[in-house]
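Chains as they are written, first to last, in this note's numbering: chain A, 1 to 286; chain B, 1001 to 1286; chain C, 2001 to 2286; chain D, 3001 to 3286.
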């Protein structure tokens, strides 16, 4: 699979024939299907599909594929879709504050080519993690944020993101609320890690809340950021067992490993174009 | 360890010497310590201990042990404790409504002597599960409950519990609120299973809420019942992974296995006298 | 979906068009596809599919479907397949020896209609669990087995299985080797539960071996029985964490819960016709 | 707990009084016990204990503690023990070959002071990971190893280890056999990560073996290195679920996260002096 592939993610009301038509369209035009996963939500009657095919012998030029899909299927089946090409390397911006564990984990994956993406810059509201960025030779921009300058600084950040053609943002324990304006600019393209098993312990200091409640399992949740705090579509969750012997410090330490793994799994799926969102939920193709 | 053992569970403000004194007290009086687990909460400065010793050669008569502890240590160290003897078989009442999976799991353990307890009776607000009780030859009492007769029926239930010398109650998917009166009668002696990863999805229909929220992991929680709904000390939790493909029915089915295992683990620990409660949390000795 | 459905499980060398052709065949003949899962093993170049469709309006009579598939696709694509109908309720025989935990778990699911199957009989080499069968009103046949009579008794068992039209067998901690003759009669239709995380601790007394080795996690594995002991296609596995504090008895008790859940999950998938086997591995459709 | 503490790990044949005596010894000499965990293996009749106390007011000089323990208890109770002080920062050498994921994870923890240790050097048989060491400013020594020079190069390594006063070694996916000579020099002080759920898939290419066997769960195991390959005392294990859809590459990628987390958990426990080894098993204090 050295040549370029197209990845089509779509959903539409379920109707007989849709799967055949799409697969036929690709096969007839000499596209070699290398991946197909589909799923029907029979409760909501929605058809979801992810299909990937080799473009080497594909008879439709890649810049015309959208046109064909629109003309032939999109209206007919009321399809919503996204089309990606494997040679479009997504460009990620990482936002951090003061905690480095998720940042280190992501940069290690990046540095070892585990992820097929570019990380042109890291943004922070604090200077604390500049030395980490330096170690990996990634530009680090510091935008200190106060109540007064929040709007202005976010505008500066967004300008920088635009200039760097950023496709999506990862909040790697970034301790600032993202404004609706930025969220609208990056719909389902801002990934956050929340250090609890959502929807338990929404908001600040979830480990302290978990400790106080006496839970026997803690968790971490990565999700797309929406206007409602900690309420966006969940991408990935995981948990770790604790006991009465675990102090707050022990819980926070166990949590760090959860956070970094859960966040990185979500980012990996996003980069691989494996995620569809609908109705504030995710469909994760395997 | 065929002879009788004493099990002492205690907590008190942590002070040097307490552990030595208690273990010395037992050793000097020729009690053979067969189990000891202790733990200091350095944040709250509380000392917790569970100690079990063989009574065969113990020189203090078992009915005098309480007196000795009170005189020698309880005041001095401000100790709260419970003392059990291994030949006191705890008597459990099971409350059910219409769902049998937890009931079957518990009765199978009981029938195979996995649990060292007696189950003199099963109480329900519905007749539906009588045939299950019949299969295991356990008396089944049905107290249909309405808004009007709730208080009266609970009084009848409590009379029955007293008559049968019930030590503790297990709510095996019992779909009625327990009154404060009954809770006071059985403090930290009523075990409930809630079909969510508490504190997420408190209250009714948690699986539906989990499905709607789009979580990637579901859970079950067993806890002691207190006056606050689903907010008592957590004994045990476990989780299962779900995907977007899981329908409500699939989630409910996966949940059933979680519920029965989590509830049975909690009951097992309660029977084995492994649980201390303090500050709305549990200390689970291993 | 109250009417009958057909379930087709197939695998064949991957070739373009196979998916379209099959889905077209069903759609064109007015079958309503209610489930489709497919997967291509690109290493071995094998296409796997499970497809289920409603027969209500399907224009090909159900007893002709096999003929059509054979004529149209089986040779052309070199397809191996199994076809099931949802109104064919599979008939299961349970084999047990002396340990009842898996048996109870299975019978509870059966009694509560969690499983769409029939259990016409239980077979054992010991009389010990007859009372369990009696509780659930299921005939219990005891065939004591010695070195001398092994062949003869198995012949008797197989006659009984035939007479009862048994479709598949579940070894619920049955402590006898199944002969190749019986395995050939029920290929990929005998499900065993092994009380270890295979391929670790093949053979007898795996918990003792796990204890001796000092592992920190124990497991259970359900698999189809083949001629090689504990080496058949794995259906399901799960694990539980242990510590140095767990005695052999504690490990065995934790293991029991693993075994029953892992076995029941495997049986459930088998009943739902979700499993394809190939190359001594299973493909589990979701 | 800002002052120095002593950590005593011991095991001996279980006899009444040992716990009281040790705790008394510390308390009477004005040591404030900040941690105690003990456990009796009733099968083997061994007593295990880890006890930590503040030295601030302790009346025995720290360089005399060993003498006291030897004189008062070691012979009397046949105690084997290790004594550590919290201000002795253990010095770790990391051995790597070509895979960087465990190395990055460890260095990130080191750089963020998650671990109380020194890492004076990294040793490898290949130059490939020098740039990683450079990023974290840690000296990197390359000793290319062939059949012919194995003994000589190991001698060079050991000289370097001595010169750097290395206390323990972590093999972070180091693909060379360690000689018995080096193992004897660092008994229970060389931690390896094996990329399987031991004892399944001992030896080379365990992921390929797991893929071929068709397991549904993969694992990783960290253990102390002994003369028997992959057979030393297990410190930590963890697992991840896979399906038939996971290719070898996918399994290897999932495995990497397992390996790094499992290895780091083991290292963390070793650094915190939480591990006792006996009979080729570990006792892990909590």
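For glycine and all other residues, C-beta sits at the position ideal for the given N, C-alpha and C.
- Taking a beta-carbon distance threshold of 7 Å, residue 3023 of chain D counts as an interface residue toward chain B.
- With respect to chain C, the C-beta atom of residue 16 of chain A has a partner C-beta closer than 7 Å.
- In the DSSP secondary-structure assignment, residue 2032 of chain C is bridged to C:2054.
- DSSP places residue 3236 of chain D in the strand class (E or B) of the three-state scheme.
- The C-alpha of residue 65 of chain A is placed about 11 Å away from the C-alpha of residue 82 of chain A.
- Burial state of residue 125 of chain A is buried, judged by a 10 Å Cβ sphere holding 16 or more other Cβ atoms.
- DSSP, reduced to helix, strand and coil, places residue 66 of chain A within a helical segment of the structure shown.
- Per DSSP, the unbroken alpha helix (DSSP H) holding residue 2102 of chain C starts and ends at 2101-2111.
- Check the Cα spacing between residue 1016 of chain B and each of D:3143, D:3036, D:3158: the tightest is with D:3036.
- About 22 Å separates the beta carbons of residue 1197 of chain B and residue 1178 of chain B, which is beyond the 8 Å limit, so they are not a contact pair.
- Rounded to the nearest whole angstrom, the CA to CA distance from residue 2059 of chain C to residue 2052 of chain C is 15 Å.
- With 16 or more other Cβ atoms inside 10 Å of its own Cβ, residue 3008 of chain D counts as buried.
- For residue 1141 of chain B, DSSP records a beta bridge to B:1123.
- Rounded to the nearest angstrom, the gap between the Cα atoms of residue 139 of chain A and residue 93 of chain A is 10 Å.
- For chain D, the residues of the stretch 2185-2199 of chain C that bring a beta carbon within less than 8 Å of one of its beta carbons are 2197, 2198, 2199, in chain order.
- For residue 2204 of chain C, the closest of C:2186, C:2181, C:2173, C:2215 by C-alpha to C-alpha distance is C:2173.
- The three-state secondary structure of residue 2226 of chain C, taken from DSSP, is coil.
- In the DSSP assignment, residue 3206 of chain D falls within the alpha helix (DSSP H) that extends over 3206-3213.
- Taking a Cβ-Cβ threshold of 9 Å, the residues of chain C close to residue 32 of chain A are 2016, in chain order.
- Between residue 1232 of chain B and residue 3047 of chain D, the alpha-carbon positions lie close to 36 Å from each other.
- About 6 Å separates the Cβ atoms of residue 1216 of chain B and residue 236 of chain A, confirming a contact at the 8 Å cut-off.
- Taking C-beta separations shorter than 6 Å and ignoring five residues to either side along the sequence, the partners of residue 3189 of chain D in its chain run 3168, following chain order.
- Per the C-alpha coordinates, the member of A:21, A:6, A:41 positioned closest to residue 14 of chain A is A:41.
- Judged by their CB atoms, residue 135 of chain A and residue 3135 of chain D are nearer to each other than the 7 Å cut-off.
- Residue 161 of chain A and residue 3253 of chain D have their C-alpha atoms spaced approximately 30 Å apart.
- If you draw a straight line from the Cα of residue 250 of chain A to the Cα of residue 1246 of chain B, it is about 34 Å long.
- Cα atoms of residue 2131 of chain C and residue 1225 of chain B: separation of roughly 36 Å, rounded to the nearest angstrom.
- For residue 1046 of chain B, the beta-bridge partners assigned by DSSP are B:1013, B:1041.
- Under a 10 Å Cβ-count criterion, residue 3050 of chain D is classified as buried, with 16 or more other Cβ atoms of the shown protein chains found around its own Cβ.
- Sixteen is the threshold: when 16 or more other Cβ atoms of the shown chains lie within 10 Å of the Cβ of residue 1100 of chain B, as they do, the residue is buried.
- Taking 7 Å as the threshold, the shortest C-beta distance from residue 2126 of chain C to chain D does not fall below it.
- CA-to-CA, the gap between residue 1005 of chain B and residue 3070 of chain D works out to about 34 Å.
- Judged by DSSP in its simplified three-state form, residue 3095 of chain D adopts strand.
- Ranked by Cα distance from residue 3026 of chain D, the options B:1210, B:1266, B:1026, B:1020 are led by B:1020.
- Contact between residue 2207 of chain C and residue 2195 of chain C holds: their C-beta atoms lie close to 6 Å from each other, under 8 Å.
- Contact check for residue 3121 of chain D against residue 3156 of chain D fails: the beta carbons are separated by 7 Å or more.
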